[in-house]
Amino acid sequence: MARESKRAKRERGGVIFGLLEREYPKAMTALDHRNPFELAVATILSAQCTDERVNMVTPELFRRFPDPTALASASRDELEEVVHSTGFFRNKAKNLIGMAQALMREHGGEFPRTLAQLTELPGIGRKTANVILGNAFGIDEGVVVDTHVKRLAGRMGFSREKTPEKIELDLMEVFPRERWTPLSHLLIFHGRGPCPARKTRCHECVVAHLCPASLV
DNA sequence: ATCCCGAGGG
DNA sequence: CCCTCTGGAT
């Protein structure tokens, strides 16, 4: 099969985006949060863990540590206990405290609004930084590439790359900037729905006719 | 490339 | 049992 042109890929991407948007009109982050601080904490906890489980621990977490000041002076043991069920609990507790301390020390408790500054904070990589920028500040500086986006970008033929960074660059070429943040939510909803890692249900998929991986 | 780590599904 | 879930640091 001849390789799809960049122009054709953009056009197919646009149609897929529209269909997914109609299918998931309320697609947005499923992490419960009331401010940038809570979103950042929830996103760090979401590594290799379902949003649903993160939402089970954050109410108690935010009750005990409602802001960067409180979290910066949290006890490791207590925090580990609260976040235990989300997995990677030692790393997550250490990173959360370190993130809060750096936030206080370097930025007066306010989140910076650039990718470079955010990724300087402990526990915040490119993915988490993109989540904060796109969802808390409305800044589309990149595409959130998580496990779902990675898998669907491959299946849908938007990228043949393996690393999240390269996949992100491919997606940024296919989709216009104002769609970068919504795109991630649409792909994540679709990935949790008919297009999970195992046992895809292409017969339920609204973009199966535009998908190279579809058997329908 | 490897480690961190729990919980749920199949 | 093995795989997966909105990754990041070494």
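Here this note's numbering is used: the first residue of the first sequence is 1, the next is one more, and so on. Virtual Cβ for every residue (Gly too), placed ideally from N, Cα, C.
Residue burial classification, residue i (beta-carbon count within 10 angstroms, cutoff 16)
{"i": "V15", "result": "exposed"}
{"i": "R12", "result": "buried"}
{"i": "G108", "result": "exposed"}
{"i": "A129", "result": "buried"}
{"i": "S5", "result": "exposed"}
{"i": "S85", "result": "exposed"}
Residue i - DSSP class collapsed to helix/strand/coil
{"i": "M172", "result": "helix"}
{"i": "M99", "result": "helix"}
{"i": "K26", "result": "coil"}
{"i": "F189", "result": "helix"}
{"i": "M156", "result": "coil"}
Residue i to residue j span [Cα, whole Å]
{"i": "E21", "j": "I188", "result": "12 Å"}
{"i": "F137", "j": "R198", "result": "34 Å"}
{"i": "K92", "j": "V82", "result": "11 Å"}
{"i": "W180", "j": "V57", "result": "29 Å"}
{"i": "K162", "j": "P122", "result": "25 Å"}
{"i": "V207", "j": "G191", "result": "12 Å"}
{"i": "A102", "j": "F37", "result": "13 Å"}
{"i": "L61", "j": "H33", "result": "12 Å"}
{"i": "E168", "j": "V145", "result": "6 Å"}
{"i": "S159", "j": "K150", "result": "9 Å"}
{"i": "R113", "j": "R90", "result": "27 Å"}
{"i": "P25", "j": "F17", "result": "11 Å"}
Contact belief for residue i with residue j at Cβ below 8 Å, rounded distance in angstroms
{"i": "I132", "j": "L39", "result": "6 Å"}
{"i": "P194", "j": "E204", "result": "4 Å"}
{"i": "M172", "j": "V143", "result": "6 Å"}
- Any chance the stretch 114–129 sits against the stretch 43–58, with 3 or more Cβ pairs inside 8 Å? yes
- Message: Whether or not the stretch 88–102 and the stretch 60–76 are in contact is what I'm after, with contact meaning three or more pairs of Cβ atoms, one per stretch, closer than 8 Å; do they touch?
- Response: yes
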